[in-house]
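Engineer: Under full-length UniProt numbering, residues 1 to 191 are what the sequence shown spells out, in order.
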Amino acid sequence: MIEIPSDLHKDLVPLAFLLGSWAGAGVHDFPGAEKCNFGQEVTFSHDGRDFLEYHSHTWVLDGDGNKVRPLESESGFWRIDADRKVEVTMTRDDGVIEIWYGELAHQKPQIDLVTDAVARTAASAPYTGGKRLYGYVKSDLMWVGEKQTPEVELRPYMSAHLKKVVTPEDVERWAKALPDDMPDDGIAFFK
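(1) Is any heavy atom in the ligand SAM found nearer than 7 Å to the beta carbon of residue 98?
(2) For the 8 Å Cβ check, are there 3 or more pairs between the region 2-10 and the region 33-41?
(3) Excluding the 5 residues preceding and the 5 following residue 133 in the sequence, name in chain order all residues of the same chain whose CB lies nearer than 6 Å to its CB.
(4) Taking buried to mean at least 16 other C-beta atoms within 10 Å of its own C-beta, is residue 45 buried or exposed?
(5) For the region 14-31 against the region 116-123, are there 3 or more C-beta pairs whose distance is under 8 Å?
(6) What is the DSSP secondary structure of residue 52, reduced to helix, strand or coil?
(7) Between the Cα of residue 147 and those of 89, 18, 114 and 64, spot the shortest distance and give me the residue it belongs to.
(8) Thinking just about the alpha-carbon of each residue, which of 75, 108, 109 and 107 is nearest to the one in residue 100?
(9) Do residue 86 and residue 103 have their beta-carbon atoms positioned less than 8 Å apart in this structure?
(10) Pick out whichever of 141, 96, 156 and 108 has its Cα sitting closest to the Cα of residue 128.
(11) Report yes if the CB atom of residue 20 is closer than 8 Å to the CB atom of residue 152, and no otherwise.
(12) Which stretch, first to last residue, makes up the beta strand (DSSP E) that contains residue 87?
(13) Going by the beta-carbon positions, is the gap between residue 77 and residue 41 smaller than 8 Å?
(14) Look at residue 162 and residue 23 and say whether their C-beta atoms are less than 8 Å apart.
(15) Taking C-alpha atoms, which residue in 105, 5 and 130 lies nearest to residue 49?
(16) Report the CB separation of residue 105 from residue 61 in whole angstroms; it is logged as a contact under 8 Å.
(17) DSSP on residue 166, reduced to helix/strand/coil?
(18) Using 10 angstroms around the beta-carbon of residue 139, count the other beta-carbons present and answer buried if the total reaches 16, otherwise exposed.
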């Protein structure tokens, strides 16, 4: 279920499906880097202004699903205009800053993004651009990222399947929203 907070900036309503905290796992595979499974936590939040704040942390998982070490971290800001054009500014822990442009698909919660500008520090690895696809599928957030370097053509390198994290505050809010005439035994609810 997609909730639209009452204090969400009106321009961000089309991006409301992203809001919240998400957690899950995915696969990382790019030439010259270790192929691995990874865990991920993502948060999209807002403060009433015309952008979403974004934070993502990933870590390498061992064969039993335990955290081994950090993989990548990134943060940024997402905006959307009246024509459903999306812009994202993103900073990564490896010394890369990106500007992404794309659009929200017509009548479905899916966003395609492509890098427009990339800036790198001297210490960062070679990187020239990428693509990303985010989609809200059966209440889950799924994404795939592609990247390219001077040596490697654009190709998929990361993808993940994330579930919405439910907080105690969510449960309390939902409980307060229940109708007063709910059946006591719970069984009558299904009849």
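For glycine and all other residues, C-beta sits at the position ideal for the given N, C-alpha and C.
Here the structure is a predicted model, which is why all the values come from computation and not from measurement.
Structural biologist: Inspection of the coordinates gives the following:
(1) The ligand SAM is not among the ligands present in this structure, which contains no ligands whatsoever.
(2) With a cut-off of 8 Å, the region 33-41 and the region 2-10 do not count as touching, because too few Cβ pairs lie within range.
(3) Mapped onto the sequence shown, residue 133 falls at position 133. So the qualifying residues of the chain are 112 and 144.
(4) Walking along the sequence shown from the start, residue 45 turns up at place 45. It counts as exposed.
(5) no
(6) Your numbering for residue 52 matches position 52 in the sequence shown. Strand at residue 52.
(7) Along the sequence shown, read from residue 1 onward, the residue named residue 147 stands at position 147. For residue 147, the nearest C-alpha among the options comes from 114.
(8) Here the question's residue 100 lines up with position 100 in the sequence shown. The shortest Cα separation from residue 100 among 75, 108, 109 and 107 belongs to 75.
(9) The residue labelled residue 103 in the question sits at position 103 within the sequence shown. The residue labelled residue 86 in the question sits at position 86 within the sequence shown. Yes; because the gap between Cβ atoms is below 8 Å, this pair is in contact.
(10) By 1-based counting over the sequence shown, the position of residue 128 is 128. When each option's Cα is compared against that of residue 128, the closest is 96.
(11) Translated into positions along the sequence shown, residue 20 becomes position 20. Translated into positions along the sequence shown, residue 152 becomes position 152. No, these two residues do not count as a Cβ contact at 8 Å.
(12) One-based indexing of the sequence shown puts residue 87 at position 87. Taken as a continuous stretch (DSSP letters only), the beta strand (DSSP E) holding residue 87 covers 85-92.
(13) If you number the sequence shown from 1, residue 77 lands on position 77. If you number the sequence shown from 1, residue 41 lands on position 41. Between residue 77 and residue 41, the gap from beta carbon to beta carbon reaches 8 Å or more.
(14) If you number the sequence shown from 1, residue 162 lands on position 162. If you number the sequence shown from 1, residue 23 lands on position 23. It is a contact, given that the beta carbons lie within the stated cut-off.
(15) One-based indexing of the sequence shown puts residue 49 at position 49. If we check each option's Cα against that of residue 49, 5 comes out closest.
(16) Along the sequence shown, read from residue 1 onward, the residue named residue 105 stands at position 105. Along the sequence shown, read from residue 1 onward, the residue named residue 61 stands at position 61. Going by Cβ atoms, the distance from residue 105 to residue 61 rounds to 31 Å, so no, they are not a contact pair.
(17) Counting from one through the sequence shown, the residue named residue 166 turns up at place 166. Three-state result, residue 166: coil.
(18) Here residue 139 refers to the residue found at position 139 when the sequence shown is read from its first residue. Exposed is the call here.
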